[in-house]
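Asks:
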Amino acid sequence: MTSEHPVLHLDRIGAVVFDTDSVIADTARVHAGAWKRSIDEFLRQYSRQIGHTLAPFDVRADYLRFLDGRPGAEGVRDFLTARGVGLGEAPLPNGPSKGLSNRRSNRVPGGWASRDRDGVAAIVDRKTRYFLEEIDRYGVAAFPSTVRLVRDLRERGARTAAVSVTRHCFRMLAAAQVQRLFDVQVEGAEEDTDGNGPTHDPRGAPGGAGGAGQLGGADGAEVLDAHPSPASLSGCPTPSLFVEAVRRLGLPPSQAAVVEDTPAGVEAGRSGGFAVVVAVDRTDRAEELRAHGAHIVVRDLTDIVVAGRRRDPLVFGW
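First residue of the sequence shown: 2, per our numbering; consecutive thereafter.
1. Taking buried to mean at least 16 other C-beta atoms within 10 Å of its own C-beta, is Tyr139 buried or exposed?
2. To which residues of the same chain is Val299 closer than 8 Å at the C-beta, ignoring the five residues directly before and after it?
3. Is Arg249 near Val185, with beta carbons less than 7 Å apart?
4. Taking the straight line between their C-alpha atoms, what separation do you get for Arg152 and Val187?
5. By the 10 Å Cβ neighbour count, where 16 or more other Cβ atoms means buried, how is Thr147 classified, buried or exposed?
6. What do you get for Pro72, buried or exposed, if any count of 16 or more other CB atoms within 10 angstroms of its CB means buried?
7. In angstroms, rounded to a whole number, what distance separates the CA positions of Leu150 and Gly309?
8. Taking the straight line between their C-alpha atoms, what separation do you get for Arg108 and Gly87?
9. Determine the DSSP secondary structure at Ile40, reduced to helix, strand or coil.
10. Would the segment 45-56 count as touching the segment 8-20 if we require 3 or more Cβ pairs under 8 Å?
11. By how many angstroms is the C-alpha of Asp20 removed from the C-alpha of Glu261?
12. Buried or exposed: where does His32 fall if 16 or more other Cβ atoms within 10 Å of its Cβ makes it buried?
13. Contact defined as beta carbons within less than 8 Å: I believe Ala163 pairs with Phe144. What is the distance between those atoms, to the nearest angstrom?
14. Within this structure, are the beta carbons of Pro254 and Gly273 separated by less than 7 Å?
15. Count the other C-beta atoms from every protein chain shown that fall within 10 angstroms of the C-beta of Ala176, then say buried if there are 16 or more, exposed otherwise.
16. Quick one, which of Glu75, Arg30, Val24 and Glu268 has its alpha-carbon nearest Glu289's?
17. Going by DSSP in three states, Glu245 sits in which element: helix, strand or coil?
18. Please report the straight-line C-alpha distance between Gly294 and Arg271, rounded to a whole angstrom.
19. So Pro16 and Arg155 are in contact, right, with Cβ under 8 Å, and what is the actual spacing, rounded?
20. Any heavy atom of the ligand NAP inside 6 Å of the beta-carbon of Glu289?
21. How long is the line joining the alpha carbons of Ile40 and Ala123, rounded to whole angstroms?
22. Which residues in the same chain as Val77 place their Cβ atom closer than 8 Å to its Cβ, once the five residues preceding and following it in sequence are excluded?
23. Can Val244 and Ala258 be called in contact, C-beta distance under 7 Å?
24. So what does DSSP say about Ser23, is it helix, strand or coil?
25. Would you decide whether Ala246 is buried or exposed? Buried here means 16 or more other CB atoms lie within 10 Å of its CB.
26. Closer than 7 Å, CB to CB, is Gly85 near chain C or not?
27. Run the CB neighbour count on Leu302, radius 10 Å, all protein chains shown included, and call it buried at 16 or more, exposed below.
28. Return the Cβ separation of Ser141 and Ala26 in integer angstroms, given the expectation that the two are a contact with Cβ distance under 8 Å.
29. Measuring CB to CB, does Arg311 end up less than 7 Å from Arg157?
30. Going by the DSSP bridge assignment, what does Leu9 pair with across the sheet?
31. Going by DSSP in three states, Pro253 sits in which element: helix, strand or coil?
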């Protein structure tokens, strides 16, 4: 697997699980732009209160440092702390987040003030709205190399799954018009990890049942429940997210591969016992991805070669 063109051998691997964000769909720029718009609005409001101007959110450096592949609320808190912003004394952007308006603003012993949580939630919720408005209006591009690899795998008899830690896997796949390339699509329970927010019913608009953009698995595949237990599928990528996908495909992790692009996702794939963890290095951090356990690191999935053809699975005791 250290050759110039790494190989996925289908005599050993029967399924491949792909992360949706930035592996299947080119969403990173949309996420980063939505974060910048939401955070900068807050910073301008806060700057007026304190009487001097804070530097705006850097759409590349700050996004990669604080938010890429992380739970949105955690990343926002870390970013604001790094900027010296005390949310307990800051204005709430456009008022408290929906559902949080009755929280008291006094400090809670041993933790963040409820006002702090409201402020972070409001930034995250507004970012979510901007992100979803963008992909609903303009769609999002699927990476051509990913689409080619998925088609090659399927033509050779391997099964494919798409996962997201957010509740918008279906919505992103539909926006990229690739939802039928995946036998299984698994959504997590995190409100916003590097993007996304309020629950979207995959059977509803946009592209709900009966519409031209109907959401579902690959042609002929069973459409499975999109929302596993939030207790097991929340936050950053965890082994349970990927394991749930291959469980639905009827294979153990030891006979499957994961394709990720973040250190947290790579680490989750290794922790889940997957046979191969492929990391797509789109942000110049190959060594970090290897340090977190990637078996293969490539700049683009065109570098991956698929060998063999899948016939009967090798499942034993699964």
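Positions of the beta carbon are idealized from the N, C-alpha and C atoms, including for glycine.
Replies: Looking at the atomic coordinates:
1. Here residue 139 refers to the residue found at position 138 of the sequence shown. By the neighbour-count rule (16 or more Cβ atoms within 10 Å), Tyr139 is not buried but exposed.
2. The residue given as residue 299 occupies position 298 in the sequence shown. Excluding sequence neighbours, Val299 sits near Pro7, Val279, Ala280, Val281, Asp282 and Ile305.
3. The sequence position of residue 249 within the sequence shown is 248, counting from 1. The sequence position of residue 185 within the sequence shown is 184, counting from 1. Yes, Cβ-Cβ distance for Arg249 and Val185 is below 7 Å.
4. Against the sequence shown, residue 152 aligns to sequence position 151. Against the sequence shown, residue 187 aligns to sequence position 186. In this model, Arg152 and Val187 are separated by some 19 Å (Cα to Cα).
5. Looking up residue 147 in the sequence shown gives position 146. Thr147 is buried by the Cβ-count criterion.
6. The count along the sequence shown starts at 1 and reaches residue 72 at position 71. Per the 10 Å Cβ criterion, buried.
7. Locating residue 150 in the sequence shown gives position 149, counting from the first residue. Locating residue 309 in the sequence shown gives position 308, counting from the first residue. Approximately 14 Å, taken between the alpha carbons.
8. As a position in the sequence shown, residue 108 is number 107, starting the count at 1. As a position in the sequence shown, residue 87 is number 86, starting the count at 1. Summary for Arg108: the model assigns pLDDT 34, below 50, so the residue's position carries little reliability, and this model does not support an answer.
9. Within the sequence shown, the letter at position 39 stands for residue 40. Looking at Ile40 - three-state DSSP - the assignment turns out to be helix.
10. Segment contact: the segment 45-56 against the segment 8-20, fewer than three CB-CB distances shorter than 8 Å; contact not assigned.
11. Along the sequence shown, one-based indexing puts residue 261 at 260. Along the sequence shown, one-based indexing puts residue 20 at 19. Whole-angstrom Cα-Cα distance: 6 Å.
12. Taking the first residue of the sequence shown as position 1, residue 32 is located at position 31. So His32 ends up on the buried side.
13. Here residue 163 refers to the residue found at position 162 of the sequence shown. Here residue 144 refers to the residue found at position 143 of the sequence shown. About 13 Å separates the two Cβ atoms, so there is no contact after all.
14. Residue numbering aside, residue 254 sits at position 253 when the sequence shown is read from its first letter. Residue numbering aside, residue 273 sits at position 272 when the sequence shown is read from its first letter. A contact, by the Cβ cut-off of 7 Å.
15. What you label residue 176 is simply residue 175 of the sequence shown in a count that begins at 1. Answer is buried; the Cβ neighbour count reaches 16.
16. Numbered from its first residue, the sequence shown carries residue 289 at position 288. It is Glu268.
17. Here residue 245 corresponds to residue number 244 of the sequence shown, with the count starting at 1. Glu245: helix per DSSP, three-state reduction.
18. Counted from its first residue, the sequence shown places residue 294 at position 293. Counted from its first residue, the sequence shown places residue 271 at position 270. Cα to Cα, the separation comes out at about 6 Å.
19. Position 15 of the sequence shown, counted from the first residue, corresponds to residue 16. Position 154 of the sequence shown, counted from the first residue, corresponds to residue 155. Sequence inspection shows Ala at residue 16; the Pro mentioned does not correspond to that position. 11 Å between Cβ atoms; not a contact.
20. No copy of the ligand NAP occurs in the structure displayed, which carries no ligand at all.
21. Taking the sequence shown and counting its residues from 1, one reaches residue 40 at position 39. Taking the sequence shown and counting its residues from 1, one reaches residue 123 at position 122. Approximately 10 Å, taken between the alpha carbons.
22. Taking the first residue of the sequence shown as position 1, residue 77 is located at position 76. Ile40, Phe67, Leu68, Val121, Ile124 and Val125, listed in sequence order.
23. In the sequence shown, the residue the question calls residue 244 occupies position 243. In the sequence shown, the residue the question calls residue 258 occupies position 257. No, the Cβ-Cβ distance between Val244 and Ala258 is not below 7 Å.
24. The residue labelled residue 23 in the question sits at position 22 within the sequence shown. Of the three classes helix, strand and coil, the one that applies to Ser23 here is coil, per DSSP.
25. Here residue 246 refers to the residue found at position 245 of the sequence shown. By the neighbour-count rule (16 or more Cβ atoms within 10 Å), Ala246 is buried.
26. Protein chain content of the structure displayed is limited to a single chain, and chain C is not contained in it.
27. As a first step, residue 302 must be located in the sequence shown, where it is residue number 301. Buried is the call here.
28. One-based indexing of the sequence shown puts residue 141 at position 140. One-based indexing of the sequence shown puts residue 26 at position 25. First, the residue type needs correcting, since residue 141 is Val and not Ser in the sequence shown. Indeed, because the Cβ distance is near 5 Å, the residues count as touching under 8 Å.
29. As a first step, residue 311 is located in the sequence shown; it is residue number 310 there, counting from the start. As a first step, residue 157 is located in the sequence shown; it is residue number 156 there, counting from the start. Yes. Within cutoff.
30. Taking the first residue of the sequence shown as position 1, residue 9 is located at position 8. Partner(s): Val307.
31. For the purposes of this step, residue 253 is taken as the residue at position 252 of the sequence shown. In this structure, Pro253 counts as coil in the three-state DSSP scheme.
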